[in-house]
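Single-structure report; data block below.
Numbering (the working numbering), first residue to last: 109 to 254.
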């Protein structure tokens, strides 16, 4: 989705930050129980702030993305999740969403959901429901509880 050498890109998987625009690599295991949620393919998540996308990259190849818009300094609007067809049905979207939400939590931000895939993920993983901005929950309002 963009050039990996851009200075505004950073690798995200955890709460630590080397500063604006500097890559930070944290193993997926730092985001929780990695084995229980491991996708069928290993990938890193790269946040491209200029393009407004979290990219899932495996071996230097982009396999998925979650687009967003910054809404002020403390909130992201999560717009859409996509996985390239040849990489679907491997758990990549689920793990990408999990890592993005973990990054949002680590930054102390909230989210507005317009992506139905992210909304469904949060409905099935209520530990992330507190990240939804109560004043701006997005399409469909708050998360439905079972």
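For each residue, glycine too, the CB sits at the ideal point set by N, CA and C.
Contact check, residue i vs residue j, beta carbons under 8 Å
i           : j           : result
residue 241 : residue 219 : yes
residue 189 : residue 230 : no
residue 176 : residue 160 : yes
residue 183 : residue 217 : yes
residue 164 : residue 153 : yes
residue 179 : residue 191 : no
residue 204 : residue 186 : no
Unbroken alpha helix (DSSP H) run spanning residue i, endpoints
i           : result
residue 241 : It is not in any alpha helix (DSSP H) - residue 241 carries neither H nor E in the DSSP assignment.
residue 201 : 200-214
Element boundaries [beta strand (DSSP E), containing residue i]
i           : result
residue 218 : 218-221
residue 231 : Segment 224-232 is the alpha helix (DSSP H) holding residue 231; no beta strand (DSSP E) there.
residue 177 : 169-178
Reference residue i, options the options, closest by Cα
i           : options          : result
residue 221 : 236, 163 and 214 : 236
residue 169 : 213, 195 and 248 : 195
residue 255 : 197, 149 and 155 : Nothing can be reported for residue 255, as the shown portion of the chain is limited to 109 through 254.
residue 206 : 181, 248 and 228 : 228
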